[in-house]
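In what follows, a structure is listed as structure tokens, so that the remarks can point back to it.
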Amino acid sequence: MSNIVNKKLSDRIGTVDVLKEQFSAPATKQPKTFRTEISATDEFGNVLFTNEHNETVLGGAITVMEKMWGIRSPLQVATINEIMDINSNVGVDPNPLTQDDIVCLWGVGIGGSGDAFGSIRPVNFYEREVGQNGQRDEMIPFRVVQTPLSGDDAAKYHMMEERHSDGLFAYYLKGFEQKPQIKVLWKDGEEGEDGSEVESDVHNTSRRDLIEAFVEMHLKLTKKDVREWFDVNGNIQLSRINTIALFTGKRVEIAPGKFDYVNVKMFSKLNLDNEPLTNTKEINFTYRIYTN
Numbered sequence: 004m005s006n007i008v009n010k011k012l013s014d015r016i017g018t019v020d021v022l023k024e025q026f027s028a029p030a031t032k033q034p035k036t037f038r039t040e041i042s043a044t045d046e047f048g049n050v051l052f053t054n055e056h057n058e059t060v061l062g063g064a065i066t067v068m069e070k071m072w073g074i075r076s077p078l079q080v081a082t083i084n085e086i087m088d089i090n091s092n093v094g095v096d097p098n099p100l101t102q103d104d105i106v107c108l109w110g111v112g113i114g115g116s117g118d119a120f121g122s123i124r125p126v127n128f129y130e131r132e133v134g135q136n137g138q139r140d141e142m143i144p145f146r147v148v149q150t151p152l153s154g155d156d157a158a159k160y161h162m163m164e165e166r167h168s169d170g171l172f173a174y175y176l177k178g179f180e181q182k183p184q185i186k187v188l189w190k191d192g193e194e195g196e197d198g199s200e201v202e203s204d205v206h207n208t209s210r211r212d213l214i215e216a217f218v219e220m221h222l223k224l225t226k227k228d229v230r231e232w233f234d235v236n237g238n239i240q241l242s243r244i245n246t247i248a249l250f251t252g253k254r255v256e257i258a259p260g261k262f263d264y265v266n267v268k269m270f271s272k273l274n275l276d277n278e279p280l281t282n283t284k285e286i287n288f289t290y291r292i293y294t295n
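Going left to right, the sequence shown walks through residues 4 to 295 as our numbering numbers them.
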């Protein structure tokens, strides 16, 4: 009688010091799925923060697995369309093989931190909204205007909601400043600098340098963003953000000549200290997601 040996093999998308997480992290700590790096500067190039790290949430993790393996998860996280009732009546093909959902949008909020510096709230893996644990009023629209946006602005801002209380139009999500780029680099740069580009013949190389691969996104908060919402609510002096989130979605024609996003799900979330916007300023975010 032969011996049957069953081995359970596992792998992770992302390699964030696995041994350290397994043997030194608290039992309740949720392991990170991707290594990330987020930095921000103002319009004058002054660094606001650097080397921040977000959390991939459940909806984002499920989306990655569905897209990579072409199967549907038995657990489906509610979309932002359903939660906020925006474009919720637009049909979506439930077969992940036919969906073109990509990480293409971002949003902001005010639930990520308390008033005191350093009182940053943790992101829970199961969260599905910008607001902390379902607090919808903590998600702040980028724009609040009297008439729907048109032209270039209409192409930048998405997930429009017509506010029945005052007839204004609020835009909760925004596209990236430019198309994301995949970068594969040698880790041969000076401290804090990117390395040189890896060439296509890397499989024949004798180099010993490490390689890093990541996708880089650029997000821009303009001087009008967010402040309009605080102004409408009579508290412009409290203008701020302390949460940034990435979203997946699919752009469709929701009405003749009108395009917006459906099947929108939060992919990842970063809570940080309050970034005041009392004085008008632009913020440029560089957002990197690493696979190693």
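Glycine included, C-beta positions come from ideal geometry on N, C-alpha and C.
Under 8 angstroms, do residue i and residue j count as touching if we go by C-beta distance?
i	j	result
ILE147	VAL235	Looking at the sequence itself, residue 147 is Val, so the reference to Ile does not match. Their beta carbons are under 8 angstroms apart, which means VAL147 touches VAL235 by this criterion.
VAL111	ILE244	yes
ASP276	PHE120	yes
LYS190	GLY178	no
PHE233	LEU224	no
VAL60	LYS272	yes
THR251	ASP104	yes
LEU222	VAL106	no
GLU164	MET87	yes
ILE41	TYR290	yes
GLU200	LEU188	yes
TYR264	LEU108	yes
GLU278	LEU51	yes
SER270	GLY62	The sequence given here has Phe at residue 270, not Ser. Cβ distance < 8 angstroms, so PHE270 and GLY62 count as in contact.
ASN57	THR39	yes
ILE123	ASN274	yes
Start and end of the alpha helix (DSSP H) containing residue i?
i	result
LEU61	61 to 72
GLU85	83 to 87
LYS284	That residue, LYS284, is in no alpha helix (DSSP H); it is neither H nor E in DSSP.
ASP156	154 to 159
Exposed or buried, which one is residue i when buried takes at least 16 other CB atoms within 10 Å?
i	result
PRO29	Unreliable placement is indicated for PRO29, whose pLDDT of 48 sits below 50; the coordinate value is still reported in the next sentence. Result: exposed.
HIS167	exposed
TRP72	exposed
ASP118	exposed
LYS268	buried
SER116	buried
GLU202	exposed
PRO144	buried
ASN282	exposed
ARG230	buried
ALA173	buried
PHE47	exposed
What residue range is occupied by the uninterrupted beta strand (DSSP E) comprising residue i?
i	result
ALA43	38 to 45
GLY112	105 to 112
ILE123	First-last for ILE123: undefined, no H or E at that position.
LEU51	50 to 55
ARG146	146 to 148
Check whether the Cβ of residue i sits closer than 7 angstroms to any heavy atom of the ligand HEM, and report yes or no.
i	result
ASP169	Among the components of this structure there are no ligands whatsoever, and the ligand HEM is therefore not found.
With residue i and residue j assumed to form a contact (beta carbons below 8 angstroms), what rounded beta-carbon distance in angstroms separates them?
i	j	result
VAL80	ARG131	5 angstroms
LEU171	GLN149	6 angstroms
LYS284	ASN266	Between ASN266 and LYS284 the Cβ distance is about 33 angstroms, and since that is not below 8 angstroms, they are no contact.
ILE113	GLU141	5 angstroms
ALA64	ILE286	At roughly 28 angstroms, the Cβ-Cβ gap does not stay under 8 angstroms, so ALA64 and ILE286 are not in contact.
What ranges does the alpha helix (DSSP H) occupy inside the stretch 177 to 260, keeping only unbroken runs of at least 4 residues that lie completely in it? The stretch 177 to 260 contains these whole alpha helix (DSSP H) runs: 230 to 235.
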